[in-house]
Structures are given as C-alpha cells and as structure tokens.
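Worksheet for the structure shown next.
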Amino acid sequence: MQINGSGGCFEERTYEIEPAVAWQVGLLVAAEMAVKVEARDDEKRLLNGTILSQEKTFFTGKQKQKLFTFSVQGLDQGSCQIILDIRKERIEVYSLKSQNREAMEFFDNFDKKLKEYVSSIICPSCKAKISASVRFCPECGAPVK
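Take the sequence shown: its letters are residues 403 to 547, numbered as in the working numbering.
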C-alpha cells in the first residue's frame with residue numbers, strides 16, 4: 403500500500419524473506435541513498451534519519467531535506483513487512499506534485515539488491531560469491547551442491 407501525499411510518501415510492502423535479511427538489504431540501500439542516520443535500533447529494526455530530496459527550495463535553490471523512516475516487521479515464518487516513510491517536516495497542502503520519488507528509488511534499489519542476494523551463494527570451499535544455479539564453483543572448481 404502506498405500513500406503518496408503532499409509532503410511525502412508512506413509505503414508498506416510484504417516480502418517472503420526473513421526480517422533479518424530485509425533489514426540488512428534495507429540498510430545497504432539507505433546507505434547508498436546517503437541517508438543521514440539519526441537513530442538506529444537493530445533489535446527493533448527501526449531507522450530514522452534524513453535524506454536530501456531531488457527537489458530544490460524556491461528561494462535559495464538548495465536541496466530540500468526530508469525525514470526518512472525505515473522499519474522491518476516480522477510476520478509469519480519467513481516473511482516480513484517493510485515500512486518506509488519519507489516526508490517533509492511540514493505538509494504542503496498547496497502542493498499537488500507527486501512526492502514518492504525517493505520511496506520509488508528505495509524500493510527499486512531494494513528489489514535489485516534482494517534479487518542479487520537470493521540469486522547468489524557463497525562457495526563452501528573458497529568463499530567466493532557465485533551464482534546459485536551453478537553446480538561447481540567457477541573460482542576453485544569445488545562442487546557446490
């Protein structure tokens with residue numbers, strides 16, 4: 403579910419992966435997006451910070467800063483819900499522009515990284531990161547399965 407308002411975007415998605423994996427992938431994406439972390443709770447899987455928007459202020463031409471909240475909540479066995487809230491400090495009731503650009507960027511990057519994670523494994527012999535579909539490690543030749 404996505405709520406795209408005039409000041410930000412709130413989105414929640416469900417994934418069939420372990421919450422710990424989603425948390426680690428989400429942290430990587432947040433770091434790549436240059437989120438300035440203000441509070442991080444690994445036990446509760448909650449991250450609060452700020453992110454520079456691609457939008458610029460009208461008067462100064464500087465990039466606007468948005469509040470960034472990322473959370474992973476465990477659901478059933480092996481699934482989780484990801485909650486992302488990216489918003490301006492104040493709601494802009496006069497703005498009709500879409501405010502979901504950063505949320506879309508986050509989930510696009512999250513999905514790419516997750517796909518990479520599930521399509522690769524670590525060779526038990528040489529510890530190289532390899533495709534999950536191979537039977538023998540292309541690095542050392544050891545059997546994988």
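Here a beta-carbon is modelled for each residue, glycine too, at the ideal position from N, C-alpha and C.
All figures in this text were calculated on a predicted structure; none of them were measured in a lab.
Residues bridged to residue i [DSSP beta-bridge criterion]
i	result
E413	Q404 and L486
Closest residue to residue i among the options (Cα-Cα distance)
i	options	result
D443	V520, G407 and F472	F472
I419	A436, V474 and N406	V474
L449	Y417, R537, V423 and L486	L486
E504	A530, D513, G428 and I488	I488
E445	C411, S527, K438 and A422	A422
G407	S522, Q501 and G543	Q501
S522	F509, S455, N511 and R537	R537
F412	G428, V427, Q479 and I484	I484
G480	N511, Y417 and C539	Y417
DSSP three-state assignment for residue i, whether helix, strand or coil
i	result
K517	helix
A530	coil
E465	It should be noted that the sequence gives Gln, not Glu, for residue 465. If DSSP states are grouped into helix, strand and coil, Q465 belongs with the strands.
D510	helix
E504	helix
Sub-8 angstroms separation of residue i and residue j beta-carbons
i	j	result
A530	E541	yes
L477	E491	no
V546	C528	no
F509	M435	no
V427	K517	no
Same chain, Cβ closer than 6 angstroms to residue i, neighbours up to 5 away in sequence not counted
i	result
E440	N450 and G451
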